[in-house]
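Quick note on numbering: our numbering labels position 109 of the sequence shown as 175, and the sequence is numbered without any gaps.
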Amino acid sequence: MKRTWTPAEIPSLDGKRVLVTGANSGIGYHAARVLAQKGAHAILACRDQRRGESALALLRTDVPTASAELATLDLASLESIREFARREFAEERPLHALINNAGVMAPPERLETADGFILTAMTQLTIRCS
């Protein structure tokens, strides 16, 4: 049984729209980059607009042919989630895949969202329910 795979094994994703949460750095950024290299329209969902813009600029440098856009989305905010959903549904374009990468892991103290939820639970539950 084969236990690994490489990006070279991913087929063409031409014409596919893929949303990647937490795409401003790390695994999320690299996933968006590979998707763009394979022809997908990568939607970089980031909670911080400035960091998202930097990631999008880097993606366009790394993959000059990239079809990509930035979507501001803070999974710790119900209002941000609602606003993102409104914008996305208004576009009436299909979303072919979702990569749930955003998350908060073990903050040094209990943090709550503006909606009163524990930050780590809100982010993780939102991801699992997407």
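Ideal Cβ positions, reconstructed from N, Cα and C, are used throughout, including at glycine.
Bridge partners for residue i per DSSP, in chain order?
i, result
"Ala180", "Looking at the DSSP assignment, Ala180 forms no beta bridge with any residue, so it has no partner."
"Leu136", "Leu110"
Hey, how far is the Cα of residue i from the Cα of residue j?
i, j, result
"Leu136", "Ser78", "22 Å"
"Val86", "Arg99", "10 Å"
"Leu161", "Ala151", "12 Å"
"Arg159", "His96", "24 Å"
"Ser91", "Arg69", "26 Å"
"Gly81", "Glu175", "43 Å"
"Ala74", "Arg113", "30 Å"
"Gly105", "Ser133", "7 Å"
"Leu141", "Ala180", "12 Å"
"Asn166", "Ile76", "18 Å"
"Ala108", "Glu178", "30 Å"
Would you identify the three-state DSSP class for residue i, choosing helix, strand or coil?
i, result
"Val86", "strand"
"Leu191", "Note that Leu191 scores 44 on pLDDT, short of 50, meaning its location in the model is unreliable and no value can be drawn from it."
"His107", "strand"
"Leu79", "coil"
"Thr72", "coil"
"Val100", "helix"
"Thr131", "coil"
"Glu119", "helix"
"Leu141", "coil"
May I ask which residues mark the beginning and end of the beta strand (DSSP E) holding residue i?
i, result
"Ala163", "Ala163 to Ile165"
Taking residue i as part of the alpha helix (DSSP H), name the residues at either end of that continuous run.
i, result
"Ser146", "Leu144 to Glu157"
Using CA coordinates, which residue listed in the options is at the minimum distance from residue i?
i, options, result
"Ala111", "Leu144, Val84 and Gln103", "Val84"
"Ala168", "Ile76, Ala108 and Gly94", "Gly94"
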